[in-house]
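Undergrad:
Protein chains in written order, with my numbering: chain A, 1 to 289; chain B, 1001 to 1452.
1) Quick one, which of B:1056, B:1451, B:1369 and B:1362 has its alpha-carbon nearest residue 1383 of chain B's?
2) Would you kindly check if the distance between the Cβ of residue 234 of chain A and the Cβ of residue 259 of chain A is under 8 Å?
3) On a Cα-Cα basis, can you pick out the residue from B:1216, B:1204 and B:1215 that is closest to residue 1222 of chain B?
4) On a Cα-Cα basis, can you pick out the residue from B:1234, B:1407, B:1244 and B:1426 that is closest to residue 85 of chain A?
5) Count the other C-beta atoms from every protein chain shown that fall within 10 angstroms of the C-beta of residue 88 of chain A, then say buried if there are 16 or more, exposed otherwise.
6) Contact defined as beta carbons within less than 8 Å: I believe residue 1318 of chain B pairs with residue 1280 of chain B. What is the distance between those atoms, to the nearest angstrom?
7) Can you check whether the C-beta of residue 78 of chain A is within less than 8 Å of a C-beta belonging to chain B?
8) Taking 8 Å as the CB-CB cut-off, is residue 1326 of chain B touching chain A?
9) By DSSP's criteria, residue 155 of chain A is part of a beta bridge. Which residues make up the other side?
10) Under 8 Å, Cβ to Cβ, is there at least one residue of chain A near residue 1066 of chain B?
11) Just checking: is the beta-carbon of residue 1419 of chain B within a distance shorter than 8 Å of some beta-carbon in chain A?
12) Using a 10 Å radius around the Cβ and a threshold of 16 neighbouring Cβ atoms, would you call residue 53 of chain A buried or exposed?
13) Which residues, in chain order, does the stretch 1322-1353 of chain B contribute to contact with chain A at a C-beta distance below 8 Å?
14) For residue 1231 of chain B, is the classification buried or exposed, using 16 other Cβ atoms within 10 angstroms of its Cβ as the cut-off for buried?
15) For the 8 Å Cβ check, are there 3 or more pairs between the stretch 73-85 of chain A and the stretch 102-118 of chain A?
16) Consult DSSP for residue 64 of chain A and reduce its assignment to one of helix, strand or coil.
17) Classify residue 1440 of chain B as helix, strand or coil using the three-state DSSP reduction.
18) Between the alpha carbons of residue 183 of chain A and residue 176 of chain A, how many angstroms are there, rounded?
19) Rounding to the nearest angstrom, what Cα-Cα distance links residue 101 of chain A and residue 119 of chain A in this structure?
20) Should residue 86 of chain A be flagged as near chain B, meaning a C-beta pair shorter than 8 Å?
21) Could you tell me which residues DSSP puts in a beta bridge with residue 1059 of chain B?
22) Compute the Euclidean distance between the alpha carbons of residue 1122 of chain B and residue 1305 of chain B, then round it to the nearest angstrom.
23) Here's a check: name, in chain order, each residue in its chain whose Cβ is nearer than 7 Å to the Cβ of residue 1041 of chain B, leaving out the five neighbours to either side.
24) Give the single residue among B:1440, B:1431 and B:1388 whose Cα lies nearest to the Cα of residue 1143 of chain B.
25) Between which two residues does the alpha helix (DSSP H) containing residue 56 of chain A stretch?
26) Can you list, in chain order, the stretches of the alpha helix (DSSP H) that have 4 or more residues and sit fully within the stretch 1030-1111 of chain B?
27) Determine whether the Cβ of residue 284 of chain A lies closer than 8 Å to any Cβ atom of chain B.
28) In its own chain, which residues sit with a C-beta less than 7 Å from the C-beta of residue 1444 of chain B, not counting the 5 before and 5 after it?
29) Under 8 Å, Cβ to Cβ, is there at least one residue of chain A near residue 1178 of chain B?
30) What is the DSSP secondary structure of residue 22 of chain A, reduced to helix, strand or coil?
31) Cβ of residue 1282 of chain B within 8 Å of Cβ of residue 1320 of chain B?
32) Quick one: grab the DSSP three-state call for residue 1010 of chain B.
33) What three-state label does DSSP hand residue 1211 of chain B in the structure shown?
34) Using 8 Å as the limit for Cβ to Cβ distance, is residue 51 of chain A near chain B?
35) Buried or exposed: residue 287 of chain A, going by 16 or more other Cβ atoms within 10 Å of its Cβ?
36) Which residues share a DSSP beta bridge with residue 1457 of chain B?
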């Protein structure tokens, strides 16, 4: 559940109970609980014109609606106003948490995803030594060799990548949609896995173990301030030592505000069908189509 | 082979490249490349060796051979041998002391700059602390002229960077107005396009050019597409005042960027013939420590030395702006705020020592251990050190490139805290528009709706 949904639900609850009162600042709603004397503050961020006595307020409102850029925010001296400063820091904090927090155990259990590990033993190693995130560690490799179904057409990998938040926000909808789409096309599928602290190229490593035709990684994107919960899909047909980046097909920006996850699942199933039909992915596929 | 005995321990270094790499301050990219010092004392041993190495030894051992690398060839072919020979016997330690000495004038520094290879400049920087780098950088004020003059003492310029995630023209225009209303845009109005096609890039070039014409703004426009795209657009008649390209410090990395001496020569000629600006400086380069590592094109050379070589390459085309963006790639090259701040100070000094009109983009990505506080420190320090310009991004949040850079607010603040003025021609325009008075923003400033 994202922050806006939570906020909306809490607001509705509070309105029902008649406890809502404004704080005087339109961006922050303060609700007072009369029993305990605790002041509850619920943060909300919506755009507003921060320019004092603008030449044309309507113009600023209009352009604020056509760009996500932080404009029309005004200033105090040469600095940002408190609201805008906090908005910025909150968005950065969310982006950092997306990178540095782990995907929850509950989600992995709920989706019945086996957890494999890359060679990165720590987050620092993962961030600074790119190669360590591109190979399975020895234990996971052995486990995959012994336990994962082989010679299927498709292998799905869920990777935390650079946004655990992206995985949390999208995989619950995206994965079933993708699996269902592949089933309806009678495409054979191995067991989807989650690989912790993994990068895109780890798909080449796993593909070599399970001997699939197409491997797809659903991976958390490097978070921006605008959204910290976007994921990408990287697909490749029969990767080998000569594989180059241009051989991969990429669908990025999968999240509620971009390509919605359910829609993405269906689209990716179609894409995999094409890859299998043409025996190619990436630039080669684009040229064949 | 070099050895150094320090605190009862003897350290060995295979080559000058090895000494340079191990003498570098700690950075994650050098570690990932497997070339960094393995202990603090090994780093110090390398610095001691470096301080004793002569400029002649460095000259005779370029880190990448002349025959194998175009960057090396440009650096050596452009060197003034008369000046080099005067100082060839100096050690790197002596070079550092000369740069910092009160007896050394600005013109002395510009003169020896012509006789220094990039490796020598990188070496000197490795023997310098933060204040050393600031003191040296303050002395050197390279200027350049396109439509405005950049780099004059007492002035600080900004690139207005009004990007939009899908190049929406109205969105770009709105962010541009916002920037101008804060006094940002005298270095350039420069848009990073999402769509790199000639048609789309030309559309943004026309739009920015028309706006500059309509409001009579003394500045230059630029769309930061690949240089070959801009050249196509220019040949088709698109109005370009400043042409952009990213550069790196090895031929291998420049190959990956799709750029070479041949292409840059052609771009330089095309701009002289078809560019809209006065010049003579009509190119804008971006550089930054780490691009060679991330492209696996570093050839075992440290990031800082490769950055210096990028400047040695860049100065051949007499750019109007060189913008340093160390920190843009991520923690695999520059891990945290401390490393960004160090890289920014090194790069500013090294660029200026090459005679380049340097600007700094103290940037960070969201997967680095750095935040706004680190960025603002880097901004203030490099402004103190006399950077020519910074970027200006609405609210510090680039919504197209997904990274953080200096905001319009930061730009105005850096000017105000250091008593710096906009570029001369642009300041007059700001006064005419009622945005600035006596070097201070007016009540009217910060309101994009004044541009009707």
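Beta carbons: idealized from backbone N, C-alpha and C, even for Gly.
TA: Quick answer:
1) Taking the first residue of the second chain as 1, we reach residue 1383 of chain B at position 383. It is B:1362.
2) Position 259 of the first chain, counting from 1, holds the residue named residue 259 of chain A. Position 234 of the first chain, counting from 1, holds the residue named residue 234 of chain A. The Cβ atoms of residue 259 of chain A and residue 234 of chain A lie no closer than 8 Å to each other.
3) Translated into positions along the second chain, residue 1222 of chain B becomes position 222. Answer by Cα proximity: B:1204.
4) Here residue 85 of chain A is taken as the residue at index 85 of the first chain, counted from 1. Ranking the options by Cα distance to residue 85 of chain A, first place goes to B:1407.
5) Position 88 of the first chain, counted from the first residue, corresponds to residue 88 of chain A. By the 10 Å Cβ count, residue 88 of chain A comes out buried.
6) Locating residue 1318 of chain B in the second chain gives position 318, where the first residue counts as 1. Locating residue 1280 of chain B in the second chain gives position 280, where the first residue counts as 1. About 7 Å separates the two Cβ atoms, so the contact holds.
7) Taking the first residue of the first chain as 1, we reach residue 78 of chain A at position 78. So yes, residue 78 of chain A belongs to the interface.
8) As a working note, residue 1326 of chain B is residue 326 in the second chain. Using a CB distance cut-off of 8 Å, residue 1326 of chain B does not count as an interface residue toward chain A.
9) Locating residue 155 of chain A in the first chain gives position 155, where the first residue counts as 1. Paired residues: A:215.
10) Counting from 1 along the second chain, the entry for residue 1066 of chain B is found at position 66. Taking Cβ atoms only, chain A never reaches closer than 8 Å to residue 1066 of chain B, which makes this a no.
11) For this step, residue 1419 of chain B is matched to residue 419 along the second chain. With a threshold of 8 Å between beta carbons, residue 1419 of chain B makes no contact with chain A.
12) Against the first chain, residue 53 of chain A aligns to sequence position 53. Exposed is the call here.
13) So the list reads 1330, 1331, 1332 and 1335, given in the order they occur along the chain.
14) For the purposes of this step, residue 1231 of chain B is taken as residue 231 along the second chain, with counting starting at 1. The residue in question, residue 1231 of chain B, is buried, as its Cβ has 16 or more Cβ neighbours within 10 Å.
15) Contact between the stretch 73-85 of chain A and the stretch 102-118 of chain A is absent: fewer than 3 CB-CB pairs across the two stretches fall below 8 Å.
16) The residue labelled residue 64 of chain A in the question sits at position 64 within the first chain. Collapsing the DSSP output to three states places residue 64 of chain A in a helix.
17) Here the question's residue 1440 of chain B lines up with position 440 in the second chain. When secondary structure is reduced to three states using DSSP, residue 1440 of chain B falls in the strand class.
18) Here residue 183 of chain A is taken as the residue at index 183 of the first chain, counted from 1. Here residue 176 of chain A is taken as the residue at index 176 of the first chain, counted from 1. Straight across, the Cα-Cα distance linking residue 183 of chain A with residue 176 of chain A is about 10 Å.
19) As a first step, residue 101 of chain A is located in the first chain; it is residue number 101 there, counting from the start. As a first step, residue 119 of chain A is located in the first chain; it is residue number 119 there, counting from the start. Take the alpha-carbon of residue 101 of chain A and the one of residue 119 of chain A: they are about 18 Å apart.
20) As a working mapping, residue 86 of chain A is identified with position 86 in the first chain. Not a single C-beta of chain B is nearer than 8 Å to the C-beta of residue 86 of chain A.
21) The sequence position of residue 1059 of chain B within the second chain is 59, counting from 1. Partner(s): none; residue 1059 of chain B has no beta bridge.
22) Translated into positions along the second chain, residue 1122 of chain B becomes position 122. Translated into positions along the second chain, residue 1305 of chain B becomes position 305. Spanning the two alpha carbons is a distance of roughly 5 Å.
23) As a first step, residue 1041 of chain B is located in the second chain; it is residue number 41 there, counting from the start. Correct list, in chain order: 1006, 1007 and 1009.
24) If you number the second chain from 1, residue 1143 of chain B lands on position 143. Nearest neighbour of residue 1143 of chain B by Cα position, chosen from B:1440, B:1431 and B:1388, turns out to be B:1388.
25) Position 56 of the first chain, counted from the first residue, corresponds to residue 56 of chain A. First-last for residue 56 of chain A: undefined, no H or E at that position.
26) The stretch 1030-1111 of chain B contains these whole alpha helix (DSSP H) runs: 1040-1052, 1055-1060, 1070-1077, 1081-1087 and 1092-1100.
27) The residue labelled residue 284 of chain A in the question sits at position 284 within the first chain. Closer than 8 Å: no.
28) On the second chain, residue 1444 of chain B is found 444 positions in, with the first residue counted as 1. Result list for residue 1444 of chain B: 1434, 1435 and 1450, in chain order.
29) By one-based count along the second chain, residue 1178 of chain B stands at place 178. Residue 1178 of chain B counts as touching chain A.
30) Taking the first residue of the first chain as position 1, residue 22 of chain A is located at position 22. Summary for residue 22 of chain A: the model assigns pLDDT 39, below 50, so the residue's position carries little reliability, and this model does not support an answer.
31) As a first step, residue 1282 of chain B must be located in the second chain, where it is residue number 282. As a first step, residue 1320 of chain B must be located in the second chain, where it is residue number 320. Cβ atoms of residue 1282 of chain B and residue 1320 of chain B: closer than 8 Å.
32) Along the second chain, one-based indexing puts residue 1010 of chain B at 10. If DSSP states are grouped into helix, strand and coil, residue 1010 of chain B belongs with the strands.
33) Start at 1 with the first residue of the second chain, and residue 1211 of chain B comes out as number 211. In this structure, residue 1211 of chain B counts as helix in the three-state DSSP scheme.
34) Locating residue 51 of chain A in the first chain gives position 51, where the first residue counts as 1. True, the Cβ-Cβ gap to chain B drops below 8 Å.
35) As a first step, residue 287 of chain A is located in the first chain; it is residue number 287 there, counting from the start. With fewer than 16 neighbouring CB atoms inside 10 Å of its own CB, residue 287 of chain A falls in the exposed class.
36) Absent from the structure is residue 1457 of chain B, since the part of chain B shown begins at 1001 and ends at 1452.
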